[in-house]
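In my numbering, each residue carries its 1-based index in the sequence shown increased by 2.
Ideal Cβ positions, reconstructed from N, Cα and C, are used throughout, including at glycine.
A quick write-up on the structure given underneath.
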Amino acid sequence: DGIELEELCQFSCAPLYKCLQMLKEPTLTHSIVNQYLFRSLRYESQVNMERVIFLVPQLVQALRFDPSGMLRDFLIDCAANDLTMAHQLIWLCDALTYDGEDMHS
Numbered sequence: 003d004g005i006e007l008e009e010l011c012q013f014s015c016a017p018l019y020k021c022l023q024m025l026k027e028p029t030l031t032h033s034i035v036n037q038y039l040f041r042s043l044r045y046e047s048q049v050n051m052e053r054v055i056f057l058v059p060q061l062v063q064a065l066r067f068d069p070s071g072m073l074r075d076f077l078i079d080c081a082a083n084d085l086t087m088a089h090q091l092i093w094l095c096d097a098l099t100y101d102g103e104d105m106h107s
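Written out as structure tokens, the structure reads:
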């Protein structure tokens, strides 16, 4: 219900493993759950960026279900503030766009 979901914004931040469960299409399209999810992800990135970096492959795959662009913005913000995160994102995106041919040919 909408009333119950509005109370979600008052909850403490979700642990990272719960955030992963929310990175699915039905959840990412619901604005209140989306706000809670990204508040939790931002908190986690401030507390322990290494744990967020570990989940970069899952986060990048979830971009397919990100109609609001909040996940994209979160990843860009993290990369702008953490060199290791930027490195992981660049290499993963490069690997995902590799079509199997020698790039030097």
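Three-way DSSP call (helix, strand, coil) for residue i in this model
i          : result
residue 73 : helix
residue 47 : helix
residue 13 : coil
residue 38 : helix
residue 89 : helix
Own chain partners of residue i with C-beta closer than 7 Å, once the 5 adjacent residues on each side are dropped
i          : result
residue 31 : 69
Through-space distance from residue j to residue i, alpha-carbon basis
i          : j          : result
residue 41 : residue 15 : 7 Å
residue 45 : residue 22 : 14 Å
residue 78 : residue 48 : 14 Å
residue 93 : residue 56 : 13 Å
Rounded distance between the beta-carbons of residue j and residue i, thought under 8 Å
i          : j          : result
residue 38 : residue 13 : 7 Å
residue 73 : residue 64 : 6 Å
Same chain only: Cβ atoms within 8 Å of residue i, ignoring 5 sequence neighbours per side
i          : result
residue 98 : 62
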